[in-house]
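**Student:** Each residue of the sequence shown is one higher than the one before, counting from 5 in the working numbering.
Where a beta carbon is used, it is the ideal one built from N, C-alpha and C, also for glycine.
There's a structure below that I have some questions on.
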Amino acid sequence: MTEIEPSQSKSALDPTPQQRPQLHLAYLDGIRGMAALFVVIHHAFMEIDLTALPRLLQRPLFWLAYGQVAVDVFIVLSGYCLMLPVVRSGGVLKGGTQRFFLRRCKRILPPYYVALALFLILIALVPGMNQKTGVRWDVALPAFTPGALISHLFLVHNLKTNWLHAIDPPMWSIATEFQIYLIFPFILIPLWKRCGNLVTILASCGGGLMLSHFIPLFAGACFWLTGLFAMGMAAASLNFTPNRKKPLAPEPLLAISIIIFITCGLILRKHLPGLVIELIIGIATAALLVGCTEWIKQKKDRKNPIINLLESKIAVALGSFSYSLYLIHFPILSLLHLWLRPYALPESTVFAILALFGTALSIGISYLFYLLVERHFIPSRSS
Numbered sequence: 005m006t007e008i009e010p011s012q013s014k015s016a017l018d019p020t021p022q023q024r025p026q027l028h029l030a031y032l033d034g035i036r037g038m039a040a041l042f043v044v045i046h047h048a049f050m051e052i053d054l055t056a057l058p059r060l061l062q063r064p065l066f067w068l069a070y071g072q073v074a075v076d077v078f079i080v081l082s083g084y085c086l087m088l089p090v091v092r093s094g095g096v097l098k099g100g101t102q103r104f105f106l107r108r109c110k111r112i113l114p115p116y117y118v119a120l121a122l123f124l125i126l127i128a129l130v131p132g133m134n135q136k137t138g139v140r141w142d143v144a145l146p147a148f149t150p151g152a153l154i155s156h157l158f159l160v161h162n163l164k165t166n167w168l169h170a171i172d173p174p175m176w177s178i179a180t181e182f183q184i185y186l187i188f189p190f191i192l193i194p195l196w197k198r199c200g201n202l203v204t205i206l207a208s209c210g211g212g213l214m215l216s217h218f219i220p221l222f223a224g225a226c227f228w229l230t231g232l233f234a235m236g237m238a239a240a241s242l243n244f245t246p247n248r249k250k251p252l253a254p255e256p257l258l259a260i261s262i263i264i265f266i267t268c269g270l271i272l273r274k275h276l277p278g279l280v281i282e283l284i285i286g287i288a289t290a291a292l293l294v295g296c297t298e299w300i301k302q303k304k305d306r307k308n309p310i311i312n313l314l315e316s317k318i319a320v321a322l323g324s325f326s327y328s329l330y331l332i333h334f335p336i337l338s339l340l341h342l343w344l345r346p347y348a349l350p351e352s353t354v355f356a357i358l359a360l361f362g363t364a365l366s367i368g369i370s371y372l373f374y375l376l377v378e379r380h381f382i383p384s385r386s387s
């Protein structure tokens, strides 16, 4: 799961911003919000026995099983937003590497550690949360092994299968993304400056795949996601490369992105490995970002249904606390499922309750977590 600072969603993206009005990219928050919502509903879907659903429901709901797609979108989005100030500063990481790491740590770590502590207390005190009972939550246990605790403390729990989903399963992607941050200023930016977008993407994908394939320790870390991060970097570069002779046409880019998303969902998922699908989703997301931003840059006075959806009040509002929603939702859904089990309800009923009430409850509690914790660590725009 990634997060994006609001200050990076609104940017002049120009070394002399006083000469041009700021470019408002609210749709970035909308994408974050919709992706986070999809993750919640995906986990509600995965709580149930899918084979027990009526056949009438299995086919329309199959797409909810692909929660990894949302992680792919988050990673591309993270690369895009972190690259914006680099492109704006002529390829230089504004404020230097130390400032970059301090800001990333301040933004990511405090909410992460607070959530981690809350879940450990929950597991220790709530009956049913500290023992395996045949539900999805079982993958989070055991939580109090030295390896699970220490690895989560240092964000390396994605490096071993026994730690990967312990305590709060979605947190694995936070570790992977944080590790991508470590190579962003030292490897990815210099590689991009020297070799350009395509080589950076290919090297990132290839390097990540080799690490995952040849080093067993890295098998579960999904380091090929570095390639998707590089796709986001390339998208930002394409949008704001100075002195472009001819502006990019947004219509084909938006059409391509939508066609790819639909094709992957309906056709390609049956015929291609999941890893290939993830790389294709990364390309589609990058095309969507470039297309939306170009549309806003070139055609502010014209309505676009895709941008209207992504900039809707609900989507943008969810995006404002999507990091909290990603951190908090899984134990809430699991706890609700545990409470429902004694009633022996049909799986379709359980899913309806989890998807509707569970999602609403997750959003409400996550927003409270945002107010009490996360918002205090969001850097101000002036900084």
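Mapping DSSP to helix, strand and coil, what is L192?
**Tutor:** Helix, per DSSP.
**Student:** Given I266, which residues of its chain have a CB within under 6 Å of its CB, disregarding the five upstream and five downstream residues?
**Tutor:** If we look at I266 and ignore the five residues flanking it on each side, it has no Cβ neighbours.
**Student:** Could you name each continuous alpha helix (DSSP H) segment of 4 residues or more that falls completely within the segment 150 to 227, going from the start of the chain to the end?
**Tutor:** DSSP runs (the alpha helix (DSSP H)) wholly in the segment 150 to 227: 150 to 157, 165 to 168, 176 to 187, 193 to 199, 201 to 218.
**Student:** Which whole-angstrom value is the C-beta distance of W167 and S155, which I expect to be below 8 Å?
**Tutor:** That belief holds up - the Cβ atoms of W167 and S155 are roughly 4 Å apart, short of 8 Å.
**Student:** What three-state label does DSSP hand L257 in the structure shown?
**Tutor:** Here L257 sits in helix by DSSP.
**Student:** Would you call the segment 369 to 379 in contact with the segment 328 to 346, where contact means no fewer than 3 C-beta pairs closer than 8 Å?
**Tutor:** Judged by Cβ distances under 8 Å, the segment 369 to 379 makes contact with the segment 328 to 346, as three or more pairs qualify.
**Student:** Distance, Cα to Cα, A240 vs C85?
**Tutor:** Near 7 Å, if we compare the C-alpha coordinates of C85 and A240.
**Student:** If you check the beta carbons only, do G34 and E315 fall under 8 Å apart?
**Tutor:** Yes, the Cβ-Cβ distance between G34 and E315 is below 8 Å.
**Student:** Would you report the Cα separation of Q62 and G323, rounded to the nearest angstrom?
**Tutor:** Their Cα atoms are separated by approximately 29 Å.
**Student:** Three-state secondary structure (DSSP) at L57?
**Tutor:** L57 falls in the coil class under three-state DSSP.
**Student:** Please state if the CB of V43 and the CB of A69 are separated by a distance shorter than 8 Å.
**Tutor:** No. Outside cutoff.
**Student:** Look at I205 and G231 and say whether their C-beta atoms are less than 8 Å apart.
**Tutor:** Taking 8 Å as the Cβ cut-off, I205 and G231 qualify as a contacting pair.
**Student:** Straight-line CA distance for S338 to V139?
**Tutor:** Going from the Cα of S338 to the Cα of V139 covers about 8 Å.
**Student:** Taking the beta carbon of P21 as the centre, do at least 16 other beta carbons fall within 10 Å, making it buried, or is it exposed?
**Tutor:** Reliability fails at P21, whose pLDDT of 41 lies under 50, so the model's placement of it is uncertain and the value that follows must be treated cautiously. So P21 counts as exposed.
**Student:** Give me the Cα-Cα distance between K274 and T289, rounded to the nearest whole angstrom.
**Tutor:** Their Cα atoms are separated by approximately 20 Å.
**Student:** For H28, count the other beta carbons within 10 Å of its own beta carbon; 16 or more makes it buried, fewer makes it exposed. Which is it?
**Tutor:** H28 should be labelled exposed.
**Student:** Is L292 closer than 8 Å to S261 when the C-beta atoms are compared?
**Tutor:** Cβ atoms of S261 and L292: closer than 8 Å.
**Student:** What are the start and end residues of the alpha helix (DSSP H) that includes K317?
**Tutor:** Per DSSP, K317 belongs to the alpha helix (DSSP H) from 317 to 324.
**Student:** Go through its chain and collect everything with a Cβ distance to Y374's Cβ below 7 Å, but skip five positions before and after it.
**Tutor:** Result list for Y374: F325, S328, in chain order.
**Student:** Excluding the 5 residues flanking E298 on each side, which residues of the same chain have their C-beta closer than 8 Å to its C-beta?
**Tutor:** Once the five neighbours on either side are set aside, the close Cβ partners of E298 are N243, P251, L252, A253, P254, L257.
**Student:** Looking at the unbroken alpha helix (DSSP H) that takes in V80, where does it start and where does it end?
**Tutor:** Per DSSP, V80 belongs to the alpha helix (DSSP H) from 72 to 92.
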